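K.L.:
Shown below is the structure under consideration.
Number of protein chains: 2
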Amino acid sequence: MSSNTDWNIVDRTGLELALQQARRSYQEGGIPIGSVLLLPDRESSTGFVVLGAGHNERMQKKSPTLHGEISALENAGRQKAETYRSSVLYTTLSPCSMCSGAILLYKIPRVVIGENDTFLGEEDLLRSRGVDIVVLKNQECKDLMTRFIAEKPEEWNEDIGEFRDGKPC
Amino acid sequence: MSSNTDWNIVDRTGLELALQQARRSYQEGGIPIGSVLLLPDRESSTGFVVLGAGHNERMQKKSPTLHGEISALENAGRQKAETYRSSVLYTTLSPCSMCSGAILLYKIPRVVIGENDTFLGEEDLLRSRGVDIVVLKNQECKDLMTRFIAEKPEEWNEDIGEFRDGKPC
Ligand SMILES: [Ca+2]
Ligand SMILES: [Ca+2]
Ligand SMILES: [Zn+2]
Ligand SMILES: [Zn+2]
Numbered sequence: 001m002s003s004n005t006d007w008n009i010v011d012r013t014g015l016e017l018a019l020q021q022a023r024r025s026y027q028e029g030g031i032p033i034g035s036v037l038l039l040p041d042r043e044s045s046t047g048f049v050v051l052g053a054g055h056n057e058r059m060q061k062k063s064p065t066l067h068g069e070i071s072a073l074e075n076a077g078r079q080k081a082e083t084y085r086s087s088v089l090y091t092t093l094s095p096c097s098m099c100s101g102a103i104l105l106y107k108i109p110r111v112v113i114g115e116n117d118t119f120l121g122e123e124d125l126l127r128s129r130g131v132d133i134v135v136l137k138n139q140e141c142k143d144l145m146t147r148f149i150a151e152k153p154e155e156w157n158e159d160i161g162e163f164r165d166g167k168p169c
Numbered sequence: 001m002s003s004n005t006d007w008n009i010v011d012r013t014g015l016e017l018a019l020q021q022a023r024r025s026y027q028e029g030g031i032p033i034g035s036v037l038l039l040p041d042r043e044s045s046t047g048f049v050v051l052g053a054g055h056n057e058r059m060q061k062k063s064p065t066l067h068g069e070i071s072a073l074e075n076a077g078r079q080k081a082e083t084y085r086s087s088v089l090y091t092t093l094s095p096c097s098m099c100s101g102a103i104l105l106y107k108i109p110r111v112v113i114g115e116n117d118t119f120l121g122e123e124d125l126l127r128s129r130g131v132d133i134v135v136l137k138n139q140e141c142k143d144l145m146t147r148f149i150a151e152k153p154e155e156w157n158e159d160i161g162e163f164r165d166g167k168p169c
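Chains as they are written, first to last, in UniProt numbering: chain Y, 1 to 169; chain F, 1 to 169.
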């Protein structure tokens, strides 16, 4: 990873791209979580290239595994091991155990999270394995999730494998 | 989960179904790892119903996220939280961190593994979270993987995010 990377600028852009995915998913009636996988690249005028972007597809594709982060990885396609090890994953919400496991599988060294108030994923596990975690506490990420959870609590609970009020959703 | 379930019989059948998926993937030129998600069901003559089955799709669908276990979950479609919590996942190979994370996300209580000699996944993490892990040490599972790794080492290393001989694949 470039030592000259201005992370303040790259992180702001990376989270905005993830937010665009989350907003699009919300507009489609889906769960508003988005993610992008970026590769820092000093040759590029933006300082990075987008390897893949995606959003939660539970409702759109009836998918139980295409969380935002998995969608971004899937849309990035097959990448070399070394590419993942130089990449940064941006996600609007704290990554669940599945998405955290994908981060560990591909040894993605840095994960930038929009917010972890509406859901706290496996940040401790990631940190314990050496992943650099940044939480930006972005208000729009939190507002989008708060609105979705209020509107469609069953879908949200299904997405995280949880019951609601002690009853299955 | 039924207390009357004869696990010896169900496990033999579950692993055989996973192996069928692994064999099919090998025949397609893909990575020979298969998985099935079963739900014990005393009403059924077999003692279970198959919720979903799948195999690794890295080569067939150019997918970095459709490992055997993720494919089985994806093919099972959207399920209720309570369904996952009564299910059993069969997989021909020890689950990597991504697939182990999916098991934790959906709180699948029992995982039956064909073999863990060619690759040891996150079995310790799963056990530490209370997942019941059974390793059957199946010779055909091991033989299939051993043959594939010898034939296509680059593809295998890519699937587990690893380099070969210290060099990226
Ligand atoms: Ca979409
Ligand atoms: Ca196939
Ligand atoms: Zn997730
Ligand atoms: Zn896996």
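We treat Cβ as the ideally placed atom computed from N, Cα and C, and that holds for glycine.
Remember, predicted model here, so these are calculated numbers, not experimental data.
What's the C-alpha gap between residue 60 of chain Y and residue 31 of chain Y?
P.N.:
9 Å
K.L.:
Along chain Y, which residues have their Cβ under 8 Å away from the Cβ of residue 62 of chain F?
P.N.:
At a C-beta separation below 8 Å, residue 62 of chain F has these neighbours in chain Y: 77 and 78.
K.L.:
Which residues, taken in chain order from the stretch 30 to 47 of chain Y, show a beta carbon closer than 8 Å to some beta carbon of chain F?
P.N.:
none
K.L.:
Can you pull the chain F residues whose beta carbon is under 7 Å from the beta carbon of residue 106 of chain Y, in chain order?
P.N.:
161
K.L.:
Within 7 Å: the Cβ of residue 95 of chain F and any heavy atom of ligand 6?
P.N.:
Ligands displayed in this structure: ligand 1, ligand 2, ligand 3 and ligand 4; ligand 6 is not among them.
K.L.:
In chain F, which residues lie less than 7 Å from residue 84 of chain Y when you measure between Cβ atoms?
P.N.:
161
K.L.:
Using CA coordinates, which residue listed in F:129, F:160 and F:113 is at the minimum distance from residue 141 of chain F?
P.N.:
F:113
K.L.:
Give the single residue among Y:88, Y:81, Y:73 and Y:80 whose Cα lies nearest to the Cα of residue 98 of chain Y.
P.N.:
Y:73
K.L.:
What distance in whole Å lies between the Cβ atoms of residue 68 of chain F and residue 54 of chain F, which are believed to be in contact at a cut-off of 8 Å?
P.N.:
6 Å
K.L.:
Is residue 141 of chain F near ligand 4, going by C-beta to nearest heavy atom under 7 Å?
P.N.:
No, Cβ of residue 141 of chain F sits at least 7 Å from all heavy atoms of ligand 4.
K.L.:
Rounded to the nearest angstrom, how far is the Cβ of residue 136 of chain Y from that of residue 15 of chain Y, given a contact under 8 Å?
P.N.:
6 Å
K.L.:
Please report the distance separating the alpha-carbon of residue 105 of chain Y from that of residue 50 of chain F.
P.N.:
27 Å
K.L.:
Quick check on residue 115 of chain F - is its C-beta less than 8 Å from some C-beta in chain Y?
P.N.:
no
K.L.:
I want to verify the contact list: residues of chain A whose CB lies under 7 Å from the CB of residue 73 of chain Y, in sequence order.
P.N.:
No chain A appears in the structure shown, which is made up of the protein chains Y and F.
K.L.:
Taking Cβ positions only, does residue 149 of chain Y come closer than 8 Å to chain F?
P.N.:
no
K.L.:
So what's residue 73 of chain F in DSSP terms, helix, strand or just coil?
P.N.:
Residue state, collapsed to three classes: helix.
K.L.:
So, at 6 Å on beta carbons, what are the nonlocal neighbours of residue 108 of chain Y in its own chain, with the 5 sequence-adjacent residues on each side left out?
P.N.:
84, 87 and 89
K.L.:
Does chain Y have any CB closer than 8 Å to the CB of residue 1 of chain F?
P.N.:
Bear in mind that the predicted position of residue 1 of chain F carries a pLDDT of just 47, short of 50, making it unreliable; the figure below should be weighed with that in mind. No, no contact with chain Y.
K.L.:
Taking only beta-carbon atoms, is residue 102 of chain Y less than 8 Å away from chain F?
P.N.:
yes
K.L.:
Given that residue 58 of chain F touches chain Y, what residues does it touch there, using C-beta distances under 9 Å?
P.N.:
78
K.L.:
Thinking C-alpha only, which one of Y:139, Y:155 and Y:103 is nearest residue 161 of chain F?
P.N.:
Y:103
K.L.:
Using three-state DSSP, classify residue 94 of chain Y as helix, strand or coil.
P.N.:
Note: residue 94 of chain Y maps to coil in three-state DSSP.
K.L.:
What is the DSSP secondary structure of residue 48 of chain Y, reduced to helix, strand or coil?
P.N.:
strand
K.L.:
As a quick exercise: from F:95, F:48, F:80 and F:38, pick the residue whose alpha carbon is nearest that of residue 127 of chain F.
P.N.:
F:95
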